[in-house]
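Visitor: Here you go, one structure.
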Amino acid sequence: MNVMVVGAGPTGLTAAVELARRGVDVRIVDKRTEGSGFSRAVGILPKSLELLEASGASARLLDEGVRIDSAHIFQGKQEMLTVHLRPHGEDRDFILALAQDRTESILRDCLLKNGVAVEWARELTDVRQVSDCVEAVFADGATETCDYLVGADGIHSRVREAVGVDYRGIDLPETWSIADVDANGWPYDRSFVAFRLGHGKMAVVVPLEATRYRVVSNTENALAALPIKMNVTKIHREGVFKISVRQVDRYNVGAVYLAGDAAHCHSPVGGRGMNLGIDDAAEFARRFVDGSLDGYSASRHARGRHVIKASEGVRKFVMSQSGVSAILFRVLTAAAGRLPALQRGFRNAVLYD
Numbered sequence: 018m019n020v021m022v023v024g025a026g027p028t029g030l031t032a033a034v035e036l037a038r039r040g041v042d043v044r045i046v047d048k049r050t051e052g053s054g055f056s057r058a059v060g061i062l063p064k065s066l067e068l069l070e071a072s073g074a075s076a077r078l079l080d081e082g083v084r085i086d087s088a089h090i091f092q093g094k095q096e097m098l099t100v101h102l103r104p105h106g107e108d109r110d111f112i113l114a115l116a117q118d119r120t121e122s123i124l125r126d127c128l129l130k131n132g133v134a135v136e137w138a139r140e141l142t143d144v145r146q147v148s149d150c151v152e153a154v155f156a157d158g159a160t161e162t163c164d165y166l167v168g169a170d171g172i173h174s175r176v177r178e179a180v181g182v183d184y185r186g187i188d189l190p191e192t193w194s195i196a197d198v199d200a201n202g203w204p205y206d207r208s209f210v211a212f213r214l215g216h217g218k219m220a221v222v223v224p225l226e227a228t229r230y231r232v233v234s235n236t237e238n239a240l241a242a243l244p245i246k247m248n249v250t251k252i253h254r255e256g257v258f259k260i261s262v263r264q265v266d267r268y269n270v271g272a273v274y275l276a277g278d279a280a281h282c283h284s285p286v287g288g289r290g291m292n293l294g295i296d297d298a299a300e301f302a303r304r305f306v307d308g309s310l311d312g313y314s315a316s317r318h319a320r321g322r323h324v325i326k327a328s329e330g331v332r333k334f335v336m337s338q339s340g341v342s343a344i345l346f347r348v349l350t351a352a353a354g355r356l357p358a359l360q361r362g363f364r365n366a367v368l369y370d
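To convert, take the position in the sequence shown, counting from 1, and add 17; that gives the numbering used here.
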């Protein structure tokens, strides 16, 4: 049995790596001419590191990434709560910050060690299921066959469209902004920092490297939104984007399976997007080898639904403009600062939920 993976982002690469290391005949194609030079996701959670350990990817990710071991929550300029993610030095109780392009490069190297290279400039235009195989049709006119096909080709998935799976949900009206910058003297170099700004606005700062940071906000200028001045020495990237909250109603049609953003998308609050895709891919590979693919769709749909519900709950709470939510925010952060049980709950929600 052979598998074709469409899409060479973190999800598709994880699927290919996990299949290849188990001896499965796998190919991976992508319509781009090379890997992305820009980073979307940055935070790698403990479960993802665990899933990528057997392939050797985790060790390299850990060598390059920045361990985020605390979170600081602000109301404007006032710090309301500090949470130490690994108060007792636990081995994996941290978020690993690493630019997505580096994560992808490491996964491609692991894939090459298993004898598989990404086939670039292969744009899929159609998918057809015939009696004994799946036919993949490409923009150059070629039609190639496989026993199974995994669509990990992102939010605008051609695979999903070709097999007629609905991508139900909403497009959020807010404009979000992003900036990747070098900065000197930022006091939270190994920390996740979130600012609740009032009027439904927020900003987040996450380290990418030793002196490089990502700033994200649901305003039109992430850097300008920061209530604490950041001494920026270089701007690598600035832009704006919109967010959708969607999930497919099923994760497979016959021998065609969906994973990652092709199956679900949500706000960046909580940092689950890339990690959820890695989890999808690893479960597909495991079930493929175990012969238990029948359970994939139900399992991944339930997990995706849980993550979206949690992410949306946090987003709506943080962005709420009601006076009640502002009071509740202050009460909860004050209580969490005094009660170890609430601190543990916060850590578990950030790292493992």
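The C-beta atom is built at its ideal place from N, Cα and C for all residues, glycine as well.
What did DSSP end up calling T236 once you bin it into helix, strand or coil?
Guide: By 1-based counting over the sequence shown, the position of residue 236 is 219. Residue state, collapsed to three classes: coil.
Visitor: Assuming V273 contacts V154 under a Cβ cut-off of 8 Å, what Cβ separation, rounded to an integer in Å, is found between them?
Guide: Your numbering for residue 273 matches position 256 in the sequence shown. Your numbering for residue 154 matches position 137 in the sequence shown. About 13 Å; that fails the 8 Å criterion.
Visitor: Just mark S148 as buried or exposed, buried being the case when its beta carbon has 16 or more other beta carbons within 10 Å.
Guide: In the sequence shown, counting from the first residue as 1, residue 148 sits at position 131. Exposed: under 16 other Cβ atoms inside 10 Å.
Visitor: Looking only at DSSP bridge pairs, what is S261 linked to?
Guide: Here the question's residue 261 lines up with position 244 in the sequence shown. Answer is D188, bridged to S261.
Visitor: For a quick check, are the C-beta atoms of Q95 and A58 less than 8 Å apart?
Guide: For this step, residue 95 is matched to residue 78 along the sequence shown. For this step, residue 58 is matched to residue 41 along the sequence shown. Contact: no.
Visitor: Among H253, R267 and N131, whose alpha-carbon lies nearest the alpha-carbon of A71?
Guide: The residue given as residue 71 occupies position 54 in the sequence shown. Nearest C-alpha to A71: N131.
Visitor: What residue from F258, L225 and P27 has the CA that sits closest to R207's CA?
Guide: On the sequence shown, residue 207 is found 190 positions in, with the first residue counted as 1. The option with the nearest alpha carbon to R207 is L225.
Visitor: Just confirm the distance between the C-beta atoms of V262 and I172, as a whole number of angstroms; I'd bet it's less than 8 Å.
Guide: Residue numbering aside, residue 262 sits at position 245 when the sequence shown is read from its first letter. Residue numbering aside, residue 172 sits at position 155 when the sequence shown is read from its first letter. Contact flag wrong, Cβ pair sits at about 11 Å.
Visitor: Rounded C-beta distance between V20 and V167? I'm assuming under 8 Å.
Guide: As a working note, residue 20 is residue 3 in the sequence shown. As a working note, residue 167 is residue 150 in the sequence shown. Right, their Cβ atoms sit about 6 Å apart.
Visitor: If we count the other Cβ atoms within 10 Å of its Cβ and call it buried at 16 or more, is F111 buried or exposed?
Guide: As a position in the sequence shown, residue 111 is number 94, starting the count at 1. It is buried - the Cβ of F111 has at least 16 other Cβ atoms within 10 Å.
Visitor: So does the region 301 to 315 actually touch the region 46 to 55, counting three or more Cβ pairs closer than 8 Å?
Guide: No, the region 301 to 315 does not touch the region 46 to 55.
Visitor: Could you check whether V335 and R213 sit closer than 8 Å to each other, using their CB atoms as the reference points?
Guide: The residue labelled residue 213 in the question sits at position 196 within the sequence shown. The residue labelled residue 335 in the question sits at position 318 within the sequence shown. In contact: R213 and V335 (Cβ atoms closer than 8 Å).
Visitor: Nearest by alpha-carbon distance to A179: which of N201, L141, E121 and D157 is it?
Guide: Counting from one through the sequence shown, the residue named residue 179 turns up at place 162. Among N201, L141, E121 and D157, the Cα nearest to that of A179 is on L141.
Visitor: Sorted by chain position, which residues of the same chain lie with C-beta nearer than 8 Å to R185's C-beta, five sequence neighbours on each side aside?
Guide: The count along the sequence shown starts at 1 and reaches residue 185 at position 168. So the list reads R263, Q264, V265 and D266, once near-sequence residues are dropped.
Visitor: Put E152 into one of helix, strand or coil per three-state DSSP.
Guide: For the purposes of this step, residue 152 is identified with residue 135 of the sequence shown, where counting begins at 1. The answer is strand: DSSP assigns E152 an E or B state.
Visitor: Contact defined as beta carbons within less than 8 Å: I believe V133 pairs with A37. What is the distance between those atoms, to the nearest angstrom?
Guide: The count along the sequence shown starts at 1 and reaches residue 133 at position 116. The count along the sequence shown starts at 1 and reaches residue 37 at position 20. With a Cβ gap of about 5 Å, V133 and A37 count as contacting.
Visitor: Taking the straight line between their C-alpha atoms, what separation do you get for S65 and L115?
Guide: One-based indexing of the sequence shown puts residue 65 at position 48. One-based indexing of the sequence shown puts residue 115 at position 98. Answer to the nearest angstrom: the Cα atoms are 13 Å apart.
Visitor: Hey, quick one: how far does the alpha helix (DSSP H) through L36 stretch, first residue to last?
Guide: Within the sequence shown, numbered from 1, the residue matching residue 36 stands at position 19. Segment P27 to A37, the alpha helix (DSSP H) holding L36.
Visitor: Between L248 and S284, what straight-line distance do the alpha-carbon atoms span, to the nearest angstrom?
Guide: In the sequence shown, residue 248 corresponds to position 231, counting from 1. In the sequence shown, residue 284 corresponds to position 267, counting from 1. The question names Leu, but residue 248 is Asn in the sequence shown. About 28 Å.
Visitor: Using a Cβ-Cβ cut-off of 6 Å (strictly less than) and excluding sequence neighbours within five positions of D278, which residues of its own chain qualify?
Guide: The sequence position of residue 278 within the sequence shown is 261, counting from 1. So the qualifying residues of the chain are G171 and I172.
Visitor: Between the Cα of E81 and the Cα atoms of S122, L102, P204 and F91, which residue gives the shortest distance?
Guide: Counting from one through the sequence shown, the residue named residue 81 turns up at place 64. Cα-wise, what sits closest to E81 is S122.
Visitor: Okay, do the region 196 to 210 and the region 240 to 259 touch, 3+ Cβ pairs below 8 Å being the bar?
Guide: Cβ pair count under 8 Å is three or more, so yes.
Visitor: Assuming E96 is part of the beta strand (DSSP E), what are its boundary residues?
Guide: Locating residue 96 in the sequence shown gives position 79, counting from the first residue. Here the beta strand (DSSP E) through E96 covers Q95 to H101.
Visitor: Using DSSP with H/G/I as helix, E/B as strand and the rest coil, what is G40?
Guide: The residue you call residue 40 lines up with position 23 of the sequence shown. Coil, per DSSP.
Visitor: Enumerated in chain order, which unbroken segments of the alpha helix (DSSP H) with a length of 4 residues or greater are wholly contained in the region 107 to 146?
Guide: For the region 107 to 146, whole alpha helix (DSSP H) runs of length 4 or above, ordered along the chain, are 117 to 130.
Visitor: Name the residue from I325, D297, H318 and F305 whose alpha carbon lies nearest to the alpha carbon of I260.
Guide: For the purposes of this step, residue 260 is identified with residue 243 of the sequence shown, where counting begins at 1. With distances taken between Cα atoms, I260 lies closest to I325.
Visitor: Spatial neighbours of A93 within its chain, please: CB distance less than 6 Å, with the 5 preceding and 5 following residues excluded, ordered by chain position.
Guide: For the purposes of this step, residue 93 is identified with residue 76 of the sequence shown, where counting begins at 1. The sequence given here places Gly at residue 93; Ala does not occur at that position. Taken in chain order, the residues that qualify are P244.
Visitor: Is DSSP giving V180 helix, strand or coil here?
Guide: Residue numbering aside, residue 180 sits at position 163 when the sequence shown is read from its first letter. In this structure, V180 counts as coil in the three-state DSSP scheme.
Visitor: Runs of 3 residues minimum, wholly inside the region 187 to 230: which ones carry the beta strand (DSSP E) assignment?
Guide: Runs found: 193 to 201, 208 to 215 and 218 to 224.
Visitor: Which residues does DSSP pair with S87 in a beta bridge?
Guide: Working through the sequence shown from its first residue, we reach residue 87 at position 70. Beta-bridge pairing links S87 to H101 and S208.
Visitor: Which residues in the same chain have their Cβ closer than 8 Å to the Cβ of V257, if we skip the five residues on either side of it in sequence?
Guide: Residue 257 sits at position 240 when you count from the first residue of the sequence shown. Cβ within range, chain order: T192, W193, S194, I195 and E237.
Visitor: What residue does the beta strand (DSSP E) around E373 start on, and which one ends it?
Guide: Since the first residue of the chain shown is 18 and the last is 370, residue 373 is not available in this structure.
Visitor: Between H89, R125 and R119, which lies nearest to A25 when the distance is taken from Cα to Cα?
Guide: As a working mapping, residue 25 is identified with position 8 in the sequence shown. Out of H89, R125 and R119, R125 has the C-alpha closest to the C-alpha of A25.
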